[in-house]
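A short write-up of the structure that comes next.
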Amino acid sequence: MLDGRCEGSIELLTAIFRLAVADYLGQSYSHDGCAPIRRASSRHRSDACAFLTSAWAAYLADLIGLEASAVWREIRRLDAALDTMRRADKAA
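Heads up: the sequence shown begins at 90 in my numbering, then just goes up one per residue.
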């Protein structure tokens, strides 16, 4: 069982990654998992990319049992899928 400080640290680092992913994908971020996904400005995309591919991301991900390269790979896959959906919506 984790003590409160460890659990809080894990939640904080997880939230940092969620925010970076949302910024990269251009979606609004919500702490509620059931909130609807809304498009947001992509003005922070380059900052999110810089963080997600940085040594800091690798270090922080390792602290909470994630692999930063796997997170980045999944984000690019999601971005490609979202891009395909957006193009299909525009064509329709």
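Glycine included, C-beta positions come from ideal geometry on N, C-alpha and C.
Any idea which residues DSSP pairs residue i with across the strands?
i, result
"Arg-107", "According to DSSP, Arg-107 bridges with nothing at all."
"Arg-128", "Gln-116"
Going by C-alpha to C-alpha distance, which of the options sits closest to residue i?
i, options, result
"Arg-162", "Arg-128, Tyr-113, Ser-117", "Tyr-113"
Short check: CB of residue i to CB of residue j, under 8 Å?
i, j, result
"Gly-154", "Ser-131", "no"
"Arg-127", "Ser-135", "no"
"Ala-146", "Ala-137", "no"
Exercise. Could you tell me whether the stretch 101-108 touches the stretch 148-168, where touching means 3 or more Cβ pairs closer than 8 Å?
Key: yes
Practice problem: May I have a chain-ordered list of the alpha helix (DSSP H) segments no shorter than 4 residues that lie completely inside the stretch 138-170? | Solution: 144-152
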